[in-house]
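Taken in sequence, the protein lines are chains B and D.
Okay, so the first sequence: first residue is 332 according to this note's numbering, each after it adds one.
Okay, so the second sequence: first residue is 332 according to this note's numbering, each after it adds one.
Number of protein chains: 2
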Amino acid sequence: MTDGVVEGADVAARVALTWLAEPGNRVVWALVKAHGATETLERLLRGDIPDGPLRAAVNARTANADARKVAEAALRRGERVGARLIVPGSPEWPPCVDELAGLEMTAPGRVNWDTRTPLCFWVRGEHPLHETLDRSIAVVGARAATSYGTHVTHEMAYQLAGERWTVVSGGAFGIDAAAHRAALAAGGRTVAVLACGVDRPYPVGNTAMFERVLAKGLLISEWPPGAEPLRHRFLIRNRVIAAATAGTVVVEASARSGAAQTMSRVLALNRRAMVVPGPVTSAMSVGCHELLRTHPYARLVTSAADVLEEVGRAGEYLAPPPRGREHPRDALDEESALILEALPRNGTSTPEEISAGARLGLRTVLRRLSLLEAEGLVVRRESGIALARS
Amino acid sequence: MTDGVVEGADVAARVALTWLAEPGNRVVWALVKAHGATETLERLLRGDIPDGPLRAAVNARTANADARKVAEAALRRGERVGARLIVPGSPEWPPCVDELAGLEMTAPGRVNWDTRTPLCFWVRGEHPLHETLDRSIAVVGARAATSYGTHVTHEMAYQLAGERWTVVSGGAFGIDAAAHRAALAAGGRTVAVLACGVDRPYPVGNTAMFERVLAKGLLISEWPPGAEPLRHRFLIRNRVIAAATAGTVVVEASARSGAAQTMSRVLALNRRAMVVPGPVTSAMSVGCHELLRTHPYARLVTSAADVLEEVGRAGEYLAPPPRGREHPRDALDEESALILEALPRNGTSTPEEISAGARLGLRTVLRRLSLLEAEGLVVRRESGIALARS
């Protein structure tokens with residue numbers, strides 16, 4: 332066998348494995364790591380696996396179909412729709428997702444969805460996957476977003492894209508779509524990570540948007556072309572969004588949404604978990620506030636500047652402190668404050684009048700007045716001392 | 332001298348000292364602690380103090396007036412307006428404010444406003460001061476509050492007062508006034524901590540509200556009757572609000588507001604620092620979000636329940652988790668999820684049909700169906716299995 336044939340067999344085996352078991356399956360991943368994809372596929376197909384959910388799934392799937400033929404059909408279908416297949420070792424493979432290898436997630440009352448490294452990515456769009464994800468931030472949130480959430484998402488994603496960060500999201504209605512659209516509006520790059528085939532991005536209502544994403548960014552998926560967006564696949568998909576980006580921003584989330592699960596993975600991967608607050612009267616911010624109350628490492632962010640401060644290379648981005656009216660008086664000592672209080676709003680006072688009004692010694696008043704004048708808080712006129720016009 | 336005379340002299344001396352130097356002055360406080368108020372007043376009046384701001388202030392104030400006569404006049408004025416004077420050792424003295432004795436505050440660029448324990452409190456209103464503050468929470472915020480801030484303040488303070496917590500605030504326009512009014516509306520107690528004489532509560536625009544506070548709660552101040560609400564006095568006053576309460580909630584605050592200073596003191600006193608988030612698009616929430624971003628111990632609160640969880644005696648209050656639609660499917664294993672996906676929205680399927688649709692073995696399907704039925708997610712009908720109506 333030539334290297335090319337080996338590689339082709341490996342690629343096809345990965346596609347077949349992704350069809351036999353959902354992506355991220357820890358048993359499949361461990362076998363691939365130990366024996367390679369081709370050998371793992373052979374083992375699975377000859378039933379050389381312990382009894383359990385994986386064996387049941389493989390049996391059910393192979394009852395009516397041939398895994399190798401399914402994979403071949405998927406590869407042909409991918410070729411027809413202009414999708415390329417990326418596997419570990421491909422020049423485009425994004426190393427960031429390899430960190431999923433060590434991710435162990437358990438949560439009380441929830442199944443431990445398998446969270447291992449993807450076996451492959453189907454990609455549509457011109458830009459190389461690894462470069463596109465190199466400087467990327469996920470902006471995600473509720474499908475039933477409010478106008479507030481949509482507005483904040485737009486502002487944030489627009490500015491992030493303007494700073495040449497790739498905006499990654501899940502292509503859903505609401506916050507996800509607002510994030511993709513804002514990145515496109517800024518002329519930036521955006522990546523939709525799908526839980527179905529890249530030839531049939533879900534939801535159909537966002538089809539026009541997906542076409543624009545495709546023209547300027549990427550549609551990617553672990554599932555082969557034609558795969559359906561089954562409910563549980565969104566949870567599996569979310570680990571890729573977490574791993575592929577420097578940080579994830581949740582803009583709106585209802586109570587008991589998937590946001591907590593997403594953020595747990597983001598934090599477990601040592602990425603930045605960021606949350607936008609909102610009105611406490613909004614049901615769509617309840618999940619955000621709950622995240623901030625329960626996840627000590629989730630950071631409140633209010634703007635693209637805050638986000639860049641979190642994810643930016645050291646020193647490259649530093650959010651300016653919030654701008655408010657400057658109050659030089661804030662920094663005053665007590666004597667200076669008393670002097671300013673003693674000065675008339677209009678007109679002037681003599682130092683002696685100030686001394687009496689402020690109940691301070693004349694020498695103190697004169698010393699403080701020099702400092703206040705230097706700070707631009709008072710001015711000296713012929714008739715006496717006056718408050719400076721701010 | 333009888334004990335009564337000693338006590339009377341001590342009280343009058345404390346009033347004179349509060350007039351000679353602003354409350355909280357650390358030099359005065361240290362002298363009173365070491366020598367008592369009467370002796371301290373004598374020292375100050377005979378100039379037996381180190382050169383410095385205190386000496387300058389005392390000199391200026393005594394240039395045209397006799398401190399003892401001023402104190403006597405203040406006591407007579409207090410009597411006329413029905414204000415009583417509380418000093419350490421009085422039955423009504425609130426022990427919580429004694430913790431200010433150890434408070435050292437420094438902040439870059441700001442004067443270290445003296446923050447020592449008050450020498451006395453002027454009180455108007457029927458209820459005993461110490462009992463009224465025993466279960467109390469401060470609710471404070473911007474004067475230029477938005478309708479959102481006013482609404483949230485009202486909801487929160489109303490419920491806190493309904494749970495028999497005293498609502499403490501500063502009597503200002505905006506959030507403060509909303510807090511007082513909500514407590515009154517709930518038939519609860521409220522305390523306005525003033526930065527001026529209790530006979531002339533500021534601002535004048537809240538006069539009708541202050542009269543209602545007086546009827547059902549308390550007006551208190553460290554400054555003698557007649558004292559003006561000078562700008563710097565609000566900062567001095569704020570330490571009392573922080574010390575007197577179990578925790579402080581900031582509802583709205585603009586950038587560079589005094590909220591950060593307030594929260595620093597709250598935390599330094601080991602009280603609960605709580606902050607209400609708001610729309611990131613609102614200038615009146617910028618200060619709140621900045622507090623949450625910069626003070627790791629400031630806690631985000633969204634409701635009275637959250638506040639009570641923070642300040643409540645252990646176990647007495649525990650905020651219910653946010654209510655959302657329950658999704659039993661969230662907790663499903665992959666096989667069960669596949670089975671539910673395979674079931675038709677309406678009508679029934681046989682286990683064999685499910686097995687084919689979900690690509691799972693029949694035995695697995697049957698085992699999972701029993702569990703799903705027990706969880707109430709599917710029902711068994713004569714014609715087969717159906718999704719349960721939620």
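Here a beta-carbon is modelled for each residue, glycine too, at the ideal position from N, C-alpha and C.
In chain order, what are the residue ranges of uninterrupted alpha helix (DSSP H) at least 4 long that sit wholly in the segment 477 to 510 of chain D? 478 to 493
Check distances from the C-beta atoms of the segment 378 to 390 of chain B to those of chain D and list, in chain order, the residues that come in under 7 Å. P384, A387, A388 and N390
Determine the direct distance from the alpha carbon of B:T681 to that of B:R711, and round the result to whole angstroms. 10 Å
Starting from B:V483, find everything on chain D with Cβ-Cβ shorter than 9 Å and list it in chain order. P610, V611 and T612
Other residues of its chain near D:V571: CB distance less than 6 Å, five sequence neighbours each side excluded: V524
Amino acids of chain B, ordered along the chain, whose beta-carbon sits closer than 7 Å to that of D:G692: A387, N390 and A391
Please confirm whether D:H658 has its beta-carbon closer than 9 Å to some beta-carbon of chain B. For D:H658, the predicted structure reports a pLDDT of 48, less than 50, and the residue's modelled location is therefore unreliable. A value from the coordinates is still provided. Chain B, which has a Cβ nearer than 9 Å to the Cβ of D:H658, makes this yes.
Please identify, using Cβ separations under 9 Å, the residues of the segment 686 to 718 of chain B that lie next to chain D, in order along the chain. S686, A687, A689, R690, L691, G692, L693, R694, T695 and V696
Within 10 angstroms of its Cβ, does B:Y538 collect 16 or more other Cβ (buried), or is it exposed? The amino acid occupying residue 538 of chain B in the given sequence is Thr; Tyr does not appear at that position. Burial call: exposed.
Would you please verify whether the beta carbon of B:L631 is less than 9 Å from any beta carbon of chain D? yes
At least one CB of chain D closer than 9 Å to the CB of B:H620: is that the case? yes
For B:A438, collect the residues of the same chain with a Cβ closer than 6 Å to its Cβ; drop the 5 residues on either side in sequence, then sort them by chain order. Here B:A438 scores only 46 on pLDDT, less than 50, and its place in the model should not be relied on; the value that follows carries that caveat. Closer than 6 Å at the Cβ level, and outside the excluded window around B:A438, lies no residue.
At the level of alpha carbons, what is the spacing between B:L464 and D:V580? 41 Å
The alpha helix (DSSP H) enclosing D:L708, as first and last residue numbers: Unbroken run through D:L708: none, as it is neither H nor E.
Do you know whose CA, among B:T593, B:A488, B:N390 and B:A574, lies nearest B:R520's CA? B:A488
Kindly say whether D:H563, judged by its beta-carbon, lies nearer than 9 Å to any beta-carbon of chain B. yes
Distance, Cα to Cα, B:L416 vs B:V342? 8 Å
Which residues of chain D have a Cβ atom closer than 8 Å to the Cβ of B:Y479, listed in chain order? P610 and T612
Cross-chain neighbours of D:L623 in chain B, by beta carbon under 8 Å: P608, L623 and L631
Would B:D379 be called buried (16 or more neighbouring beta carbons within 10 Å of its own) or exposed? exposed
What do you get for D:P426, buried or exposed, if any count of 16 or more other CB atoms within 10 angstroms of its CB means buried? exposed
Classification of D:A635 by the beta-carbon crowding that lies within 10 angstroms, buried from 16 upward: buried
Assuming contact is defined by CB atoms lying nearer than 9 Å, are D:H485 and D:S500 in contact in what I supplied? no
Is the CB of D:L491 under 9 Å away from at least one CB in chain B? no
Take B:T679 as the anchor and find which of B:A405, B:A402 and B:G715 has the nearest alpha-carbon. B:G715
Use the C-beta contact count for D:G767: other C-beta atoms within 10 angstroms, 16 or more gives buried, fewer gives exposed. A question about residue 767 of chain D goes unanswered here, because the residues of chain D that appear run from 332 up to 721.
Mapping the DSSP letters down to three states, classify B:I380 as helix, strand or coil. coil
Contact set between D:E353 and chain B, taken where Cβ atoms lie within less than 8 Å: E665
Where B:W424 falls: helix, strand or coil (DSSP): coil
List the residues of chain D that B:E672 touches, going by C-beta distances under 9 Å, in chain order. E559, L561, R562 and H563
Cβ shell of D:L550 (< 7 Å), same chain only, five flanking positions each side left out: R455, G456, A523, L525, V529, P532, F541 and V544
So with CB distances below 9 Å, who are the chain D contacts of B:S634? V611
Check each residue of the segment 503 to 525 of chain B: if its Cβ is closer than 7 Å to any Cβ of chain D, include it; give the result in chain order. none
Taking 9 Å as the threshold (C-beta atoms), are B:L639 and B:A629 in contact? no
With D:A492 and D:P534 assumed to form a contact (beta carbons below 8 Å), what rounded beta-carbon distance in angstroms separates them? About 22 Å; that fails the 8 Å criterion.
Runs of beta strand (DSSP E) lying entirely within the segment 602 to 638 of chain D, each at least 3 residues, in chain order: 603 to 606
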